[in-house]
């Protein structure tokens with residue numbers, strides 16, 4: 001089934017203990033499309049300025065990514081982000097942000113995309129996520145990412161959005177903040193009362209936990225990594241693998257959601273193994289399926 | 302096969318956000334025996350003073366725990382520990398410690414126990430663990446717990462001990478400290494080079510990770526808990542479920558070790574659901590096996 005993503009395209013500068021990657025391609029919609037594209041065609045909605053040095057058509061040359069929703073604004077500049085990851089790779093410092101085009105009106109969803117059934121709204125202001133969602137006619141499964149900035153600064157907008165979506169994908173600390181509960185299971189249950197039928201809390205190297213309104217729970221560790229080179233994009237890659245697999249199967253029952261979480265976990269593990277998109281561009285679906293089987297062996301008893 | 306434990310018997314006072322449990326029975330050998338006893342007979346080696354208000358024969362009345370290794374020293378006092386768990390239940394403050402009899406010579410292993418095949422040496426000074434181990438004729442599988450105090454203060458003793466054991470069961474932060482590696486997979490591999498053929502790093506509510514010298518990895522989340530009442534004894538309960546199942550089966554292949562980790566995880570979940578031993582005394586093997594199946598459902602895809 002059709003899969004649409006709205007999110008950012010960024011020019012990233014990332015420092016980690018392994019090195020520096022300057023002015024590389026990043027952004028939530030980019031990581032999402034690169035990963036979801038292993039499973040399903042992707043409809044891409046995002047905006048860049050005229051300064052963007054990357055040709056996205058070339059970037060996605062081997063993926064079925066429909067760029068009719070990519071808007072290039074001649075008078076605007078592309079979103080830029082610079083950050084440093086510290087020794088433990090969990091903590092990061094934002095060194096520099098230029099919102100640029102992301103501070104302007106969001107891009108429009110092309111008419112040809114309005115019948116999309118699976119929708120991922122990457123992290124941005126919840127009021128914008130709602131405006132984007134309203135442009136989709138009859139979505140089947142809508143997943144959303146958000147962050148502490150919106151939970152603390154725009155709780156009413158976020159709570160209004162939550163009543164309109166199916167799945168919230170969120171970091172564990174943000175889940176605790178949103179629900180005002182320390183225990184993560186209790187936090188997830190509280191969030192389910194706010195509207196979504198599925199919530200996924202991401203725990204970094206400790207994996208993720210998924211709960212639904214039927215009381216089902218699924219917990220999966222991260223794929224074990226000797227080397228984490230650059231964690232940037234891990235969350236959006238997880239979402240891409242997750243939503244890509246759902247769109248491929250066209251199903252949203254809990255067993256399918258479990259496998260989708262496993263694919264999301266695998267895709268995130270490829271992303272963090274190299275800088276920028278390099279860990280993704282160097283792999284293929286065969287490698288992905290092999291690693292899914294490895295993840296199964298590592299976690300099943 | 303025969304299973305022996307050496308460890309502490311304590312009089313604990315525990316404060317958590319849920320309440321206070323004063324002067325209750327605790328100690329590593331007690332939690333271990335209570336949990337391992339669901340699977341296998343246990344040979345108990347430990348020491349108390351004449352002030353101990355608990356009749357261990359009564360405590361273990363429904364378990365097959367052989368107390369011939371329990372020494373009562375008329376002139377000594379029993380180990381006491383008081384601690385407070387904070388809101389997140391991961392951090393705890395030690396309010397008060399009286400080592401008492403634990404600061405004296407360790408108890409002797411009775412002759413009748415010297416042919417034990419499975420051995421768990423609960424946390425104490427590594428030099429004492431080594432002296433205890435030397436009293437066992439031909440152990441098949443020896444597992445050891447340790448802590449930051451010994452890693453930092455007595456590294457030579459600990460490293461000497463590691464060359465003589467099969468399995469180290471340790472908290473993740475202690476694994477990182479011992480290996481001087483932040484990445485937990487790298488830390489585990491470094492520890493395996495020090496002697497043991499298996500290492501298990503415990504990650505609290507994020508479960509545990511087991512690695513062996515053949516390159517096998519197993520990762521299992523903790524059983525999800527809405528309510529953590531009192532985490533005291535979780536680690537020793539994990540070890541008890543783990544070693545109890547191994548002793549029951551008499552096997553130590555990796556598939557058996559995986560199931561043993563799952564049983565350890567389940568037993569820890571019963572322990573933390575109530576104060577002191579109450580979460581364990583109120584359950585039985587049927588409940589344990591049901592929860593093992595639940596854990597399988599929650600983690601398998």
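Residue numbers (our numbering), protein chains in the order written: chain A, 1 to 301; chain B, 302 to 602. No residue lacks a Cβ here, since even glycine has one placed at the ideal position from N, Cα and C.
Judged by pairs of C-beta atoms under 8 angstroms, the region 480-499 of chain B does not touch the region 143-151 of chain A, as fewer than three such pairs exist. Burial check for residue 50 of chain A: the Cβ neighbour count within 10 Å stays below 16, so the residue is exposed. Annotated three-state conformation of residue 19 of chain A is strand, per DSSP. For residue 87 of chain A, a Cβ of chain B is located within less than 8 angstroms of the residue's own Cβ. Using a Cβ distance threshold of 8 angstroms, residue 393 of chain B and residue 385 of chain B count as a contacting pair.
Taking the Cα positions, residue 559 of chain B is about 10 angstroms away from residue 517 of chain B.
Residues 459, 475, 478, 479 of the same chain have their beta carbon placed closer than 7 angstroms to that of residue 452 of chain B, with the five preceding and five following residues left out of the count. With the rule of 3 Cβ pairs closer than 8 angstroms, the region 26-37 of chain A counts as touching the region 3-12 of chain A. Across the region 256-282 of chain A, CB contacts with chain B closer than 8 angstroms involve 258, 259, 261, 262, in sequence order along the chain. Within the DSSP bridge table, the entry for residue 82 of chain A names A:13, A:96 as partners.
Using a Cβ-Cβ cut-off of 7 angstroms, residue 487 of chain B is close to 226 of chain A, given in chain order.
Close CB contacts of residue 224 of chain A within its chain, under the 8 angstroms cut and outside five residues either way in sequence, are with 298 (chain order). Taking 8 angstroms as the cut-off, the beta carbon of residue 206 of chain A is found no closer than this to the beta carbon of residue 196 of chain A.
In this structure, DSSP gives residue 69 of chain A an extended state, which the three-state scheme calls strand.
The beta carbons of residue 199 of chain A and residue 166 of chain A sit no closer together than 8 angstroms. Between the region 414-423 of chain B and the region 393-405 of chain B, the count of Cβ pairs shorter than 8 angstroms is below three; the stretches do not touch. What residue 520 of chain B touches in chain A, judged by beta-carbon distance under 7 angstroms, is 221, 224, 298, 299, going in chain order. Under the DSSP definition of a beta bridge, residue 509 of chain B partners with B:503, B:521.
Between the region 232-243 of chain A and the region 261-279 of chain A there are three or more inter-stretch CB-CB distances shorter than 8 angstroms, so the stretches are counted as touching. Just measuring C-alpha positions, the residue of A:125, A:118, A:87 sitting nearest residue 104 of chain A is A:125.
Distance from the CA of residue 574 of chain B to the CA of residue 589 of chain B, rounded to the nearest whole angstrom, comes to 13 angstroms. DSSP places residue 124 of chain A outside any beta strand (DSSP E), giving it a letter other than H or E.
Comparing C-alpha distances from residue 156 of chain A to each of A:130, A:117, A:171 shows the shortest one belongs to A:130. Closest by C-alpha distance to residue 208 of chain A, out of A:214, A:180, A:226, A:172, is A:172. Residue-level contact check: residue 484 of chain B touches chain A, since one or more beta carbons of chain A fall below 8 angstroms from its beta carbon.
Considering only beta carbons, the part of the region 202-218 of chain A lying closer than 9 angstroms to chain B consists of 203, 205, 206, 207, 209, 211, 216, 217, 218, in chain order. Rounded to whole angstroms, the separation of the alpha carbons of residue 26 of chain A and residue 52 of chain A is 11 angstroms.
If you look at residue 593 of chain B, you'll find it in the alpha helix (DSSP H) that goes 586-600. Excluding its 5 nearest sequence neighbours in each direction, residue 429 of chain B has C-beta neighbours in its own chain below 7 angstroms: 407, listed in chain order.
Excluding sequence positions up to five before and after residue 40 of chain A, its CB lies within less than 7 angstroms of the CB of 3, 244, 247, 248, all in the same chain and listed in chain order.
Sorting A:300, A:255, A:228, A:260 by C-alpha distance to the C-alpha of residue 279 of chain A places A:228 at the top.
Collapsing the DSSP output to three states places residue 472 of chain B in a strand.
Here residue 543 of chain B is not near residue 513 of chain B, since their CB atoms are 8 angstroms or more apart.
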